[in-house]
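Asker: Note that the UniProt record's numbering numbers the sequence shown so that position 466 is 466, with each residue one more than the last.
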Amino acid sequence: MALVTQLLRSVSLSLCWPSPLPLLHSVLIDALRGFSLMCVSASLRHTQTNKHFISQLDEGTFEIVHPFQVRDKKERIGIDTHNYFLNNTVHYKHVVIVIRSNTVAGVRLKLVLTLNEHILLNETQFRKLDESGESNVASPVENCYYQGTVNGDPASLVAISTCNGLWGLIAFENGTTLGIWPLDGGDRGRRHPHVLYRIKWNRDAACGAVTQTPAQSLPLSAIMGHTSSLLKIKRDVTHQNKYLEVAIIGDYPFMKEFNYTESEALEFMLLSTNIADLIMARDLKIRLSVVYSEIWLDAQRVDLHNDVQQTLSGTIEYTTGHIYHVEKDATLMFTGGFFANSEMLTSSFSSICTARAVGLVRAVDAYAIHSSAQFLIHTLGHIIGIDDDSNECTCRNHNFPCIMNKQTGSIGSPFVWEFSKCSIARLHNVLQSEHVQCLLTRPFQKSRLHMCGNGIVDGDEECDCGRRDECLDPCCDPISCTLRSHAQCASHQPCCHRCEVF
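Written as structure tokens, this is what we have:
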């Protein structure tokens, strides 16, 4: 064993830097894999953040990887996705990232990603509340949030942030979900080490929302039948994109517990929303856009109680009294508070498009982005009017529970990312009611008559490059028909070159 250890030490640098390895016995190769952390320099490995993160992972469930980006002509570069050709705050619309995994995935993962242009808009406000009052956050908030799939696996899901390295998740149809997290201290180059790990719940998590009682809830057969009859009467909007404008709040315990900076807190909340948007868009055709955000840096503005419903009441009172002027469909508060009975989330049921459309999401871990994303999806489901699943409700993957399961998570259980047939059928019913008309307007648009996306600049539009999938103008936001934050003009305008007037 001493000889093996000595050999391991002698070749540790070969593990960290690409170079031919001598032919070694297979047992030694297995041993080398177990020493993947040796590739990380001491300055990275021993930071408090890195040690705390890795200490939460079970042995054999993670490895150190060095992702890289593939650009034109198969050029391999670092993981920085900024488009410096346009502006140093703009990120490329399409990127391809490769992760070579020896143990956790055991394959070469090629992530084909597209920038999520729905999550942030030019008009989105980012505010902070501190002892000086209320003001904008110090630094510009960049859209570095991507969605996509693993190449060759169209049923997979990938949602990551590239703001400070790669952070997010990779989910496969068989129920396996991997997390990717950047070790603290890297430079976003080709040698920036990341942790690739298997995601599983490390705690119990329950929903504290008051929804329909079992007597009020219809069985699946009745729901499906009722849906069919309604669709014969009213226009079916099930398969058209719907838009849910959310305001997000990070409360004081959330900021204090994780010792977050402004940018770190916003990245956590926006990445959670990015994951939720991908899943809700796939199953429900609902896109999420953050239209307002605020973080509390000096004090708590809502009393926290063990009773999650009592805390929700205080949050509703705050939102109706302090951000009533923000045009939104729902408000979500990320909190660091603790609630009884392992309850991690709650919301005002079937309140969408009203001032009472409020939900609470407990941020349980600074790194476990999957848990907050799953809480957020479940919470929004209730706000829309989708109640908890009964035992007869199933997903495509029958081996795992669905998103709207009352028990949101349990120790050792996987991350779930599918809505049940019951949930989809209930959404069909909800869409026939008049109180969800707000979902049929694009973000920041007063009326459905607004013609953003028709390729013609009309009304108060600054530009109109057509639908999102056909827009070729890098200066124009196809969702809101306004100039992007870095742009002075639109491409169709005279004297406009690379979004600048010349």
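All C-beta atoms, glycine included, are put in the ideal place defined by N, C-alpha and C.
With DSSP run on the structure shown, which of helix, strand or coil describes GLY421?
Answerer: Against the sequence shown, residue 421 aligns to sequence position 421. Per the sequence shown, the amino acid found at residue 421 is Lys instead of Gly. Of the three classes helix, strand and coil, the one that applies to LYS421 here is helix, per DSSP.
Asker: Buried or exposed for THR482, please, with buried defined as at least 16 other CB atoms from any protein chain shown within 10 angstroms of its CB.
Answerer: On the sequence shown, position 482 is the one that residue 482 refers to. Classification for THR482: buried.
Asker: Starting from VAL308, trace the beta strand (DSSP E) both ways and give me its first and last residue.
Answerer: One-based indexing of the sequence shown puts residue 308 at position 308. Where VAL308 is concerned, there is no enclosing beta strand (DSSP E), although the alpha helix (DSSP H) it sits in stretches over 308-322.
Asker: Starting from the C-beta of ALA281, find all residues in its chain whose C-beta is less than 6 Å away, skip the five residues before and the five after it, and write them out in chain order.
Answerer: For the purposes of this step, residue 281 is taken as residue 281 along the sequence shown, with counting starting at 1. Around ALA281: ARG287.
Asker: Can you give me the start and stop residues for the beta strand (DSSP E) that LYS110 sits inside?
Answerer: Position 110 of the sequence shown, counted from the first residue, corresponds to residue 110. It spans 108-115 - the beta strand (DSSP E) in which LYS110 sits, taken as one unbroken run.
Asker: What are the residues that DSSP puts in a beta bridge with LYS242?
Answerer: By 1-based counting over the sequence shown, the position of residue 242 is 242. Paired residues: ILE286.
Asker: Measure the beta-carbon distance from ILE248 to PHE375 and round it to whole angstroms, keeping in mind my assumption that it falls under 8 Å.
Answerer: Translated into the one-based positions of the sequence shown, residue 248 becomes position 248. Translated into the one-based positions of the sequence shown, residue 375 becomes position 375. ILE248 to PHE375, Cβ: 13 Å. No contact.
Asker: Going by DSSP in three states, SER372 sits in which element: helix, strand or coil?
Answerer: In the sequence shown, counting from the first residue as 1, residue 372 sits at position 372. Looking at SER372 - three-state DSSP - the assignment turns out to be helix.
Asker: Could you check whether LYS242 and LYS285 sit closer than 8 Å to each other, using their CB atoms as the reference points?
Answerer: Here residue 285 refers to the residue found at position 285 of the sequence shown. Here residue 242 refers to the residue found at position 242 of the sequence shown. Taking 8 Å as the Cβ cut-off, LYS285 and LYS242 qualify as a contacting pair.
Asker: Rounding to the nearest angstrom, what Cα-Cα distance links ARG356 and GLN432 in this structure?
Answerer: Position 356 of the sequence shown, counting from 1, holds the residue named residue 356. Position 432 of the sequence shown, counting from 1, holds the residue named residue 432. Between ARG356 and GLN432, the C-alpha separation is close to 20 Å.
Asker: Consult DSSP for LYS256 and reduce its assignment to one of helix, strand or coil.
Answerer: Translated into positions along the sequence shown, residue 256 becomes position 256. In this structure, LYS256 counts as helix in the three-state DSSP scheme.
Asker: Would you kindly report the start and end of the unbroken alpha helix (DSSP H) that includes LYS128?
Answerer: Residue mapping note: residue 128 aligns to position 128 of the sequence shown, counting from 1. Element bounds for LYS128: not the alpha helix (DSSP H) but the beta strand (DSSP E), 120-130.
Asker: Could you spell out where the beta strand (DSSP E) holding SER347 opens and where it closes?
Answerer: Counting from 1 along the sequence shown, the entry for residue 347 is found at position 347. Start and end: 343-347.
Asker: What did DSSP end up calling THR482 once you bin it into helix, strand or coil?
Answerer: Mapped onto the sequence shown, residue 482 falls at position 482. Here THR482 sits in strand by DSSP.
Asker: Considering CYS147, what are the terminal residues of the beta strand (DSSP E) in which it resides?
Answerer: Here the question's residue 147 lines up with position 147 in the sequence shown. The sequence shown places Gln at residue 147, rather than the Cys named in the question. Per DSSP, GLN147 belongs to the beta strand (DSSP E) from 145-150.
Asker: Taking only runs of the alpha helix (DSSP H) that begin and end inside the segment 69-100, which ones reach a length of at least 4 residues, in chain order?
Answerer: Counting whole runs of 4 or more residues, the segment 69-100 contains no alpha helix (DSSP H) stretch at all.
Asker: Regarding ASP307 and the ligand SAM, is the C-beta to nearest heavy atom distance less than 7 Å?
Answerer: By its list of ligands, the structure shown contains no ligand whatsoever, and the ligand SAM lies outside what it can speak to.
Asker: Name the residue from GLN309, GLU392, LEU121, SER372 whose alpha carbon lies nearest to the alpha carbon of VAL358.
Answerer: Taking the first residue of the sequence shown as position 1, residue 358 is located at position 358. Here the closest residue by C-alpha is GLN309.
Asker: Sorted by chain position, which residues of the same chain lie with C-beta nearer than 6 Å to GLY78's C-beta, five sequence neighbours on each side aside?
Answerer: The residue given as residue 78 occupies position 78 in the sequence shown. Same-chain partners within the cutoff: ARG188, GLY189, ARG190.
Asker: What residues match up with CYS207 in a beta bridge as DSSP calls it?
Answerer: Reading the sequence shown from its first residue, position 207 is the one you call residue 207. In the DSSP output, where bridge partners are listed per residue, CYS207 has LEU345.
Asker: Given a threshold of 16 other Cβ atoms within 10 Å of its Cβ, counted over all protein chains shown, does TYR84 qualify as buried or as exposed?
Answerer: Counting from 1 along the sequence shown, the entry for residue 84 is found at position 84. Under this definition TYR84 is an exposed residue.
Asker: Going straight from the alpha carbon of CYS495 to that of VAL237, what length do you get?
Answerer: Looking up residue 495 in the sequence shown gives position 495. Looking up residue 237 in the sequence shown gives position 237. In a straight line, the C-alpha of CYS495 is about 41 Å away from that of VAL237.
Asker: Might you give, ordered along the chain, the residues of its own chain that have their beta carbon closer than 8 Å to the beta carbon of PRO253, omitting 5 neighbours on each side?
Answerer: In the sequence shown, counting from the first residue as 1, residue 253 sits at position 253. Within the same chain, PRO253 has close Cβ partners GLN300, LEU304, THR335, GLY336, GLY337.
Asker: Can you find at least 3 beta carbon pairs, one from the segment 110-122 and one from the segment 142-153, that sit closer than 8 Å?
Answerer: Contact between the segment 110-122 and the segment 142-153 is present, because at least three Cβ pairs lie under 8 Å.
Asker: For PRO443, I'd like the list of residues in its chain whose CB is within less than 7 Å of its CB, leaving aside the five on either flank, ordered along the chain.
Answerer: Within the sequence shown, numbered from 1, the residue matching residue 443 stands at position 443. LEU121, TYR243, GLU245, SER289, VAL291, ILE479, SER480.
Asker: Which two residues bound the contiguous alpha helix (DSSP H) that contains SER350?
Answerer: If you number the sequence shown from 1, residue 350 lands on position 350. Premise fails: SER350 is in no alpha helix (DSSP H) and is neither H nor E.
Asker: Which class does CYS395 belong to by DSSP, given the choice of helix, strand or coil?
Answerer: Taking the sequence shown and counting its residues from 1, the one referred to as residue 395 is at position 395. Three-state DSSP puts CYS395 in coil, outside helix and strand.
Asker: Say whether the segment 404-416 touches the segment 85-93, bearing in mind that this needs 3 or more beta-carbon pairs closer than 8 Å, one atom from each stretch.
Answerer: At 8 Å Cβ cutoff, the stretches do not touch.
Asker: Please state whether DSSP places THR49 in a helix, a strand or coil.
Answerer: Looking up residue 49 in the sequence shown gives position 49. Note: THR49 maps to helix in three-state DSSP.
Asker: Counting C-beta neighbours from all protein chains within 10 Å, is the total for TYR324 16 or more, i.e. buried, or is it exposed?
Answerer: Translated into the one-based positions of the sequence shown, residue 324 becomes position 324. So TYR324 ends up on the exposed side.
Asker: May I have the straight-line CA-CA distance separating GLU134 from LEU169, to the nearest angstrom?
Answerer: The residue given as residue 134 occupies position 134 in the sequence shown. The residue given as residue 169 occupies position 169 in the sequence shown. Cα-Cα distance, rounded: 34 Å.
Asker: Please look up how many angstroms separate the CB atoms of ASN397 and GLU173, rounded, as I've assumed it's under 8 Å.
Answerer: Numbered from 1 along the sequence shown, position 397 holds the residue referred to as residue 397. Numbered from 1 along the sequence shown, position 173 holds the residue referred to as residue 173. Right, the Cβ-Cβ distance comes to about 7 Å (below 8 Å), so this counts as a contact.
Asker: Would DSSP call GLY60 helix, strand or coil?
Answerer: As a working mapping, residue 60 is identified with position 60 in the sequence shown. It is coil, neither helix nor strand.
Asker: For ALA487, does the three-state DSSP call read helix, strand or coil?
Answerer: In the sequence shown, counting from the first residue as 1, residue 487 sits at position 487. Here ALA487 sits in coil by DSSP.
Asker: Pull up the CB-CB distance for GLY208 and LEU345, whole angstroms please, since I reckon it's below 8 Å.
Answerer: Within the sequence shown, the letter at position 208 stands for residue 208. Within the sequence shown, the letter at position 345 stands for residue 345. The Cβ separation is near 7 Å, so the contact holds.
Asker: Candidates GLY381, GLY455, ASN202, TYR260: which alpha carbon is nearest LEU472's?
Answerer: Residue mapping note: residue 472 aligns to position 472 of the sequence shown, counting from 1. Measuring from the Cα of LEU472, the nearest candidate turns out to be GLY455.
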